[in-house]
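Sequence order for the protein chains is A and B. Going by full-length UniProt numbering, the first residue of the first sequence is number 1, and it counts up by one from there. Going by full-length UniProt numbering, the first residue of the second sequence is number 1, and it counts up by one from there.
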Amino acid sequence: MLSLQQFQLLECVGKGNFGDVYLAHYLGSNQEPTDPKIPKNVPLAIKCINLEHSNEPIDLLLKEIYFLSTLHCPYITHYYGTFTGDCNLYIVMEYCSNGSLLNLLRYYSRLTEQTTCFIILQVCHALEYLHEKRLIHRDLKAANILLNDDGEVRLADLGVTGQLKFNSTRHGGKNLNTFVGTPFWMAPEIIKNQSYDGKCDIWSLGITTLELLNGKPPMSHLDSMKALMRIPKLNADSILRNMDISPLGKDFIRSCLQQDPNQRPTCKQLLQHKWLKKCSITNIMEEITVMKTNQILSKEKPRSCKPRFPLSDKVYKTNLPNQLESWRFEDESVLRFDGLGDIPNLYNNSNNKNEMANSPLLTKQQLRTPNISTPTSALSPTSMAISPKTNLSTPATESYEDVSSSPSEQKMKLGHENQNIDYWKDVFLYSLKKVRQRAINEPTKETVKSLTRYMGDLEKDFPGLSEALVQEISTRVAKLKNL
Amino acid sequence: MAFWWKKSPKTPSDYVRHLIEQLDKLESSSIGSDNRKKAQDECGRHIAGTKHFLLKETDPVPTQEALDELYYSIYQSDLFFMLLHSFPNLDFEARKDVAMIYCICLGRSKDNKLPTVDYLLAKPKFMSTLLKTSETCITKPGGSDIFLTASGMILETIKQEQLCRIIIRDPQIWKYFDFTRLGSFEISSSSLQVLTELFTAHPKLVSTEFFCNEENLTRFIDKINKLMAHGNYVTKRQSVKLLGTLIFNRINKTLMTTYINNSDNVKLVMILLSDRSKNLQLESFNIFKVVVANPRKSKPVLDVLVKNRDKLLNFFEQFGTDNKDSTFLDEKEFIVEQIEALPRIVAANGEYALGTSPQKNLVM
Chain A
1 MLSLQQFQLL
11 ECVGKGNFGD
21 VYLAHYLGSN
31 QEPTDPKIPK
41 NVPLAIKCIN
51 LEHSNEPIDL
61 LLKEIYFLST
71 LHCPYITHYY
81 GTFTGDCNLY
91 IVMEYCSNGS
101 LLNLLRYYSR
111 LTEQTTCFII
121 LQVCHALEYL
131 HEKRLIHRDL
141 KAANILLNDD
151 GEVRLADLGV
161 TGQLKFNSTR
171 HGGKNLNTFV
181 GTPFWMAPEI
191 IKNQSYDGKC
201 DIWSLGITTL
211 ELLNGKPPMS
221 HLDSMKALMR
231 IPKLNADSIL
241 RNMDISPLGK
251 DFIRSCLQQD
261 PNQRPTCKQL
271 LQHKWLKKCS
281 ITNIMEEITV
291 MKTNQILSKE
301 KPRSCKPRFP
311 LSDKVYKTNL
321 PNQLESWRFE
331 DESVLRFDGL
341 GDIPNLYNNS
351 NNKNEMANSP
361 LLTKQQLRTP
371 NISTPTSALS
381 PTSMAISPKT
391 NLSTPATESY
401 EDVSSSPSEQ
411 KMKLGHENQN
421 IDYWKDVFLY
431 SLKKVRQRAI
441 NEPTKETVKS
451 LTRYMGDLEK
461 DFPGLSEALV
471 QEISTRVAKL
481 KNL
Chain B
1 MAFWWKKSPK
11 TPSDYVRHLI
21 EQLDKLESSS
31 IGSDNRKKAQ
41 DECGRHIAGT
51 KHFLLKETDP
61 VPTQEALDEL
71 YYSIYQSDLF
81 FMLLHSFPNL
91 DFEARKDVAM
101 IYCICLGRSK
111 DNKLPTVDYL
121 LAKPKFMSTL
131 LKTSETCITK
141 PGGSDIFLTA
151 SGMILETIKQ
161 EQLCRIIIRD
171 PQIWKYFDFT
181 RLGSFEISSS
191 SLQVLTELFT
201 AHPKLVSTEF
211 FCNEENLTRF
221 IDKINKLMAH
231 GNYVTKRQSV
241 KLLGTLIFNR
251 INKTLMTTYI
261 NNSDNVKLVM
271 ILLSDRSKNL
281 QLESFNIFKV
291 VVANPRKSKP
301 VLDVLVKNRD
311 KLLNFFEQFG
321 TDNKDSTFLD
331 EKEFIVEQIE
341 ALPRIVAANG
351 EYALGTSPQK
361 NLVM
């Protein structure tokens, strides 16, 4: 499996819709036979998407990956593989060192008809490949067309690519209707919220051709909402009238920019168009070299930018636990050990230990059959006598003796705690626990438990309540016994 | 490749016959031989040709009778079985064309019937072959795209309720849980996508014919818990989301009650609730809120909640504070109220215990 360790990430070279793009090298260690073949010593582009901060649903991002990984086309950015790390998704792709066509437009302002023709021809090949797979790019524009080291065209950013359904004959097979794309390049049928098919890419191709020839798409002086309103009325002729290009070029653009998508040619037909057929240049390296040289001379900084989500911003930091809260999930069998069933920590641990040590029998008994509520029941059959009214077994002397089986300790305890008895914990709660142990069925247990709970609340609200009660009870019992 | 059809006018059934001949050649030739490469190319051409024919992209456009004849011979010859059998041996583009042919056929409707669906219903073995195809390629180089293409076919199949019924009965589906932790990212994420589709596309079917079986229920919970606990970030998020969707659907009441009444499940959900990832927190909250809102909590679950009452209250003070969604805020308020109403931990001296030193605390 691929992992971040196998790559050396260099500077951030761009920010896409969904994430930062880094220049990277494959270090190619630990390659398994199932790993994708990634060339070494070749610059790669790694698109890093921070899933924690991305509002895009993951499914949508995955869709782009699936599209990319099932496309093998020389005119579409090559995909190598994907891996995750921290909360990031890393998509490894071919690196296009010469950036997008916007880069070229920034330097030249507008491209010559021949250069444009050369580029559009390759874009047309890419679109033909996509359309053959019934995929629609939906966001064709100069910014999404990249140039690699050799000046070859690569169609990129399949982030909003859509898949046409295969069978639906509704609307003549036009079965997409999502409103996506970039306003100035958007086809009228998308704007009018009609169903559409691959012909919307043909429209965008026409707009992109104009963008390359003029430096910007038509109506770019308007704000995008206004442009959207005007596109359904766009007339190619009025735009082409003042342009100084060949009649063939004009015909190509005009055929793409027909309002009726059915009238627009398919990619296959466009590839037969004389304008593309007569494309006379075989590369645009010269233009690129001139641009690059001048950029170096003018000391223009190479395309390095600040990533939106620095890689060091990790969600799962190595020196911190992965959880914000450490919940208390003590093993319940251990909790049951103290004979308290499912109320844990009723007594502090030292008390428990004391008891365990003192009454091994009781402990064993309860471990084997945690449901037996009276620890003494097995010891003395007589103690099983049940008072029907209270549903409680009679107190068995053994159980009390357990506690006091170590008289010296008991004495010592009493001796120094005489002044400082915790009436709630050591007397009340203790007694309630004992009563609970004598409970022979669940409802009784529950009743004692809620009494305990209730008393706990009262004691919290009125500290000293149990002390007063205990004192009163013991005084009363002592008095009655003396009588 | 339309020209190819023009040059060799045949009856539609001939296309299938020629394709099958080439598939046989492909399978019988030795790996790496020229013959094999040639057969592979030939298969690719025939498959592409069949695709164009079905898409009516040939010139002249095929008549409805010709199309019907082609479909008929596809069924008659059990072409899909053979294509699946040779699936890993076909080339990249041919495999995708196979997937496309399959999808076109699946959607074919005639006289208000879906003939391909009916055909496949009569051949239930095809489903298990299809489900197994993915597995055979998982360890092969370039297995990712074979897996993805096969997954695409499975996803398309699941859309048909009757076929989905066959798939949920196939024990092979359990392996898709394991695939999400194997292999490349593409394999892991598309397996989870298959599972998500499988369990959500036809809620009634899944509820009445899958989750009604106690063994399935237990196994499903065990499997999805593993994904939620040990998957990568994407797997975790997607699996928690899937479970949340299923639990939240009233139709899956059995799944819901079984899940939220088991304290081990609740512990896992709480661990995810406090995960450092905010998205994971939110997805887990959708399950946790059902746990807390349940009026008849099981004893062990109640205990887990009671034990963590103060920690939970503490946690919820910081939870989703930047979330402005009113539904979420209402839910959170309700959950906090419910937790506050739980029996609380008090200190021996009558003060609130903050859970910092359990030795001194009493749980009530």
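Even for Gly, the Cβ is constructed at its ideal location relative to N, Cα and C.
Burial state of residue 454 of chain A is exposed, judged by a 10 Å Cβ sphere holding fewer than 16 other Cβ atoms.
Looking at B:204, B:178 and B:202, the one whose alpha-carbon comes closest to that of residue 192 of chain B is B:178.
Residue pairing from DSSP places residue 25 of chain A in a beta bridge opposite A:8.
By the CB criterion at 8 Å, residue 191 of chain A and residue 217 of chain A fall outside the cutoff. The CB of residue 308 of chain B comes closer than 9 Å to the CB of 325, 327, 328 and 329 in chain A, given here in chain order.
Listed by position along chain B, the residues whose Cβ is nearer than 9 Å to that of residue 81 of chain A are 144, 184, 185 and 186. The beta carbons of residue 147 of chain B and residue 101 of chain B sit no closer together than 8 Å.
Measuring C-alpha to C-alpha distances from residue 54 of chain A to each of B:277, B:316 and B:203 identifies B:277 as the nearest. Secondary structure at residue 160 of chain A: coil, using DSSP grouped into helix, strand and coil. Residue 155 of chain A places its beta carbon 8 Å or farther from that of residue 67 of chain A. At least one CB atom of chain A sits nearer than 8 Å to the CB of residue 238 of chain B. Restricted to the stretch 242-268 of chain A, the alpha helix (DSSP H) segments that are unbroken, complete and at least 4 residues in length are 247-256, listed in chain order. Think of a sphere of 7 Å around the beta carbon of residue 68 of chain B: no beta carbon from chain A falls inside it, the nearest being about 15 Å out.
Counting along the chain, the unbroken beta strand (DSSP E) around residue 47 of chain A starts and ends at 44-50. Chain B has a Cβ within less than 8 Å of the Cβ of residue 52 of chain A. The C-beta of residue 122 of chain B has fewer than 16 other C-beta atoms within 10 Å across all chains shown, which makes the residue exposed. For residue 49 of chain B, the enclosing alpha helix (DSSP H) covers residues 34-54. When rounded, the separation of the alpha-carbon atoms in residue 155 of chain B and residue 198 of chain B is 8 Å. If you compare the alpha carbons of B:292, B:93, B:184 and B:96 with that of residue 135 of chain B, the shortest gap goes to B:184. DSSP lists no beta-bridge partner residue for residue 456 of chain A. A direct Cα-Cα distance of roughly 13 Å separates residue 279 of chain A from residue 123 of chain A. Using a Cβ-Cβ cut-off of 7 Å, residue 48 of chain A is close to nothing in chain B; its nearest Cβ partner there is about 13 Å away. Residues are counted here when their Cβ sits less than 8 Å from a Cβ of chain A; for the stretch 212-232 of chain B these are 232, given in chain order. Annotation: the continuous alpha helix (DSSP H) that includes residue 243 of chain B extends over 233-248.
Taking C-beta separations shorter than 8 Å and ignoring five residues to either side along the sequence, the partners of residue 230 of chain A in its chain run 219 and 222, following chain order. Counting only the Cα atoms, residue 176 of chain B lies some 21 Å from residue 95 of chain B. The beta carbon of residue 98 of chain A is closer than 6 Å to those of 147 and 288 in its chain, skipping five residues each way along the sequence. Less than 8 Å divides the Cβ of residue 213 of chain A from the Cβ of residue 245 of chain A.
Spanning the alpha carbons of residue 86 of chain B and residue 59 of chain B requires a straight line of approximately 29 Å. With the rule of 3 Cβ pairs closer than 8 Å, the stretch 256-263 of chain B counts as touching the stretch 294-306 of chain B.
The stretch 49-63 of chain B makes no contact with the stretch 467-480 of chain A: fewer than 3 CB pairs, one atom from each, lie closer than 8 Å. Taking a C-beta distance under 8 Å as the contact criterion, residue 198 of chain A and residue 178 of chain A do not qualify as a contact pair. Exclusion of the five residues before and after residue 274 of chain A leaves 248 as the residues of its chain whose Cβ lies within less than 7 Å of its Cβ.
If you draw a straight line from the Cα of residue 27 of chain B to the Cα of residue 38 of chain B, it is about 12 Å long.
Interface with chain A (8 Å Cβ-Cβ cutoff): residue 311 of chain B is included. Non-local beta-carbon contacts of residue 140 of chain A in its own chain, meaning distances under 7 Å to residues more than five positions away in sequence, involve 185, 201, 204, 205 and 208 in chain order.
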